[in-house]
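S.K.: Going by the working numbering, 701 is the number at position 69 of the sequence shown; the sequence numbering is gapless.
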Amino acid sequence: MKSQGFFISFEGIDGSGKSTQTKILKESLEALGYDVILTREPGGSPGAEEIRALVLQGDPDRWSAQTEILLFTAARRDHLERTIQPALDAGKVVICDRFADSTRMYQGLSRGDLRDAVDQLHALMIGIEPDLTVLIDMDPAEGLSRALSRNTVEERFEDFGESLQVAMRKGFLALAEEFDDRFVVIDGARQIDQVAADVLAQTRARLDAR
Ligand code: ADP
Ligand code: TYD
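(1) Answer yes or no: do L767 and A808 have a C-beta to C-beta separation smaller than 8 angstroms?
(2) Could you give the C-beta distance for L657 and T835, rounded to a whole number, given that I count them as a contact under 8 angstroms?
(3) Count the other CB atoms, across all protein chains shown, that sit within 10 Å of the CB of E643; report buried if there are 16 or more and exposed otherwise.
(4) With a 10 Å radius around its C-beta and 16 neighbouring C-beta atoms as the bar for buried, classify K650 as buried or exposed.
(5) By the DSSP assignment, the alpha helix (DSSP H) with F704 in it spans what residues?
(6) Closer than 6 angstroms by C-beta to S648: which residues in its own chain qualify, once you throw out the five before and the five after it? Chain order, please.
(7) Indicate whether I640 and L764 have their beta-carbon atoms separated by less than 8 angstroms.
(8) Kindly indicate which residue of L796, E810, G665 has the alpha-carbon position closest to the one of S742.
(9) Fully enclosed by the region 760–825, which beta strand (DSSP E) runs are 3 residues long or longer?
(10) Hey, how far is the Cα of A755 from the Cα of L712?
(11) Can at least three beta-carbon pairs, one atom from the region 714–731 and one from the region 695–704, be found at a separation below 8 angstroms?
(12) Mind listing which residues have their beta carbon within less than 7 angstroms of any non-hydrogen atom of ligand 1? Chain order is fine.
(13) Could you check what DSSP says for S742 in three-state terms: helix, strand or coil?
(14) How about V687 and P678: do their beta carbons lie closer than 8 angstroms?
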């Protein structure tokens, strides 16, 4: 059954401005009368938030890429069951800061070619893709310096360094071509309000067209 809601994910390298832009988009859509929830991955439900702490803290080599695929997918399944699907069924717009494309990149690409394993587990346990994916594209050096300036304990992936960010940027742009029906690519290297205006225009076009 096709749900009544509309599912938007935001993707991009660390520090590209996703959480800044998701918050602004939520407010803008609410001002237009939409019922919106903003959520994030890993996390977005109590169980998935517990898994978040496991995967984002500690040494970069704490988990293998294969183990991470299982942990991120377990978190996503809980998030989907308890937060995303109920909101879509209630006709809401769901904005999610990262979703399965992050696993395709960070686990599927970063430490060997595990994309097939990610896709197979996704088909088995998740099975849905966003209606719209906003890719905030950004120079990796700038993204990393923005991300590290936040100074949080959740720096496991930032600690893989700039070479990972370079590979992720390239991978996300390739993914946008692979799934060009749902991706829009936004230039993140501009003022926050310029980026936000672009994000809102693209989102409204897709919402109006559905
Ligand atoms: P992400 O969620 O993609 O990691 P954030 O939204 O947390 O990125 O942004 C990372 C940092 O960069 C934050 O300190 C934020 O205030 C800042 N920032 C976000 N967008 C811009 C922008 N367009 N120009 C300059 N700084 C920005
Ligand atoms: P996030 O909190 O969005 O970090 P940032 O604001 O720095 O972009 O995500 C934390 C990290 O988790 C990020 O480095 C990417 C990683 N991640 C994966 O490796 N796989 C996944 O499936 C997801 C959702 C995130």
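Note that CB positions come from ideal geometry on N, CA and C, so glycine has one too.
Since we're looking at a predicted model, the values are computed, not measured.
M.R.: Short version:
(1) yes
(2) 6 angstroms
(3) buried
(4) buried
(5) 697–711
(6) I768, M770, G775, G820
(7) yes
(8) L796
(9) 764–769, 815–819
(10) 14 angstroms
(11) no
(12) G644, D646, G647, S648, G649, K650, S651, T652, Q653, D729, I768, R778, A779, S781, R782, G820, R822, Q823, I824, V827
(13) coil
(14) no
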